[in-house]
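Worksheet for the structure shown next.
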Amino acid sequence: KAGVTQTPRYLIKTRGQQVTLSCSPISGHRSVSWYQQTPGQGLQFLFEYFSETQRNKGNFPGRFSGRQFSNSRSEMNVSTLELGDSALYLCASSETTGGYSAFFGQGTRLTVV
Amino acid sequence: DQQVKQNSPSLSVQEGRISILNCDYTNSMFDYFLWYKKYPAEGPTFLISISSIKDKNEDGRFTVFLNKSAKHLSLHIVPSQPGDSAVYFCAASGLPGANNLFFGTGTRLTVIP
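As you go down the protein sequences, you meet chains A and B in turn. My numbering puts the first residue of the first sequence at 41, with every later residue one more than the last. My numbering puts the first residue of the second sequence at -1, with every later residue one more than the last.
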């Protein structure tokens, strides 16, 4: 069974631009969650999608948004990029909602210059 | 406010000895706890979990202990191996209305051969 796939792996963007990250969950998994990892902050929850509906949202500004498609693939968008958005963005999938036994992708390393 | 805390950013142990990684949490509503291991340039990998109805769960060399009264959990690795060198994150879930994992900031374990 293929794991969680995130694309692209690395990305460099300029302040003010926008970016879209993609996540394909494990086959059969309907929940996709997004996390931001920065040094010293651990993993901070962004949002979770389950069956194309946003189920939960973390404490991030509205510049961070996401969506999920009918095949459970998810995209995350960040608009008007700031230097502080530089981070590793991780996607996790699980069969059900609730954060249990989530499987993570390798992440997308976003650098904003 | 960090609801899950790992107060030791790093830990070094000799190969063959026991590694003990600690984690504290503040919200008594958490009902499920997980440990993840993360190598550089990879996503976190699920290691072991424990439900709040238990106080111990063991899987091979890995044992997680939960002390609900102290809001504390620990991961024991015995015996430690060089391949265990990684960053370990503890996470908690189960808050009503919050279907996500709350992560600690991680502890970097180095096992010295």
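Glycine included, C-beta positions come from ideal geometry on N, C-alpha and C. A quick note: this is a predicted structure, and the numbers were derived from the prediction, not measured.
So residue 69/A packs on residue 112/A, CB below 8 Å; how close in whole Å?
One-based indexing of the first sequence puts residue 69/A at position 29. One-based indexing of the first sequence puts residue 112/A at position 72. About 6 Å; that satisfies the 8 Å criterion.
Between residue 25/B and chain A, is the shortest Cβ-Cβ distance under 8 Å, so that the two count as touching?
Here residue 25/B refers to the residue found at position 27 when the second sequence is read from its first residue. For residue 25/B, the answer is no, since every Cβ of chain A falls outside 8 Å of its Cβ.
So, residue 19/B versus residue 64/B, is the Cβ gap smaller than 8 Å?
Taking the second sequence and counting its residues from 1, one reaches residue 19/B at position 21. Taking the second sequence and counting its residues from 1, one reaches residue 64/B at position 66. No, these two residues do not count as a Cβ contact at 8 Å.
Beta carbon of residue 114/A, beta carbon of residue 103/A: below 8 Å?
For this step, residue 114/A is matched to residue 74 along the first sequence. For this step, residue 103/A is matched to residue 63 along the first sequence. No, Cβ-Cβ distance for residue 114/A and residue 103/A is not below 8 Å.
Starting from the C-beta of residue 69/B, find all residues in its chain whose C-beta is less than 7 Å away, skip the five residues before and the five after it, and write them out in chain order.
On the second sequence, residue 69/B is found 71 positions in, with the first residue counted as 1. Around residue 69/B: 22, 23, 24, 26.
Could you pull out every residue in the same chain whose Cβ sits closer than 7 Å to the Cβ of residue 52/A, ignoring the five residues on either side in sequence?
Residue numbering aside, residue 52/A sits at position 12 when the first sequence is read from its first letter. 151, 153, listed in sequence order.
DSSP on residue 57/B, reduced to helix/strand/coil?
One-based indexing of the second sequence puts residue 57/B at position 59. Strand, per DSSP.
What span of residues does the beta strand (DSSP E) with residue 76/A cover, start to end?
Taking the first residue of the first sequence as 1, we reach residue 76/A at position 36. Run containing residue 76/A: 71 to 78, per the beta strand (DSSP E) assignment.
Check distances from the C-beta atoms of the stretch 54 to 66 of chain B to those of chain A and list, in chain order, the residues that come in under 7 Å.
none
Give the secondary structure of residue 93/B by DSSP, where H, G and I count as helix, E and B as strand, and everything else as coil.
Translated into positions along the second sequence, residue 93/B becomes position 95. Correct three-state label for residue 93/B: coil.
On a Cα-Cα basis, can you pick out the residue from 32/B, 59/B, 17/B that is closest to residue 52/B?
By 1-based counting over the second sequence, the position of residue 52/B is 54. The residue among 32/B, 59/B, 17/B with its C-alpha nearest the C-alpha of residue 52/B is 32/B.
Which value, in whole angstroms, describes the spacing of the CA atoms of residue 144/A and residue 99/A?
For this step, residue 144/A is matched to residue 104 along the first sequence. For this step, residue 99/A is matched to residue 59 along the first sequence. Cα to Cα, the separation comes out at about 21 Å.
Counting only Cβ pairs nearer than 7 Å, list the residues of chain A close to residue 101/B.
Locating residue 101/B in the second sequence gives position 103, counting from the first residue. Those within 7 Å of residue 101/B in chain A are 82, 83.
Is the Cβ of residue 42/B closer than 8 Å to any Cβ of chain A?
Taking the first residue of the second sequence as position 1, residue 42/B is located at position 44. Yes, residue 42/B lies at the interface with chain A (some Cβ there is under 8 Å from its Cβ).
Name the chain B residues whose beta carbon is nearer than 8 Å to that of residue 146/A?
Start at 1 with the first residue of the first sequence, and residue 146/A comes out as number 106. Here the neighbours are 39, 40, 41.
For residue 88/A, collect the residues of the same chain with a Cβ closer than 6 Å to its Cβ; drop the 5 residues on either side in sequence, then sort them by chain order.
What you label residue 88/A is simply residue 48 of the first sequence in a count that begins at 1. Hits under 6 Å: 73, 95, 96.
Rank 5/B, 108/B, 99/B by C-alpha distance to the C-alpha of residue 80/A and give the top, closest one.
Counting from one through the first sequence, the residue named residue 80/A turns up at place 40. If we check each option's Cα against that of residue 80/A, 5/B comes out closest.
For residue 149/A, I'd like the list of residues in its chain whose CB is within less than 6 Å of its CB, leaving aside the five on either flank, ordered along the chain.
Taking the first sequence and counting its residues from 1, one reaches residue 149/A at position 109. The residues are 50, 128.
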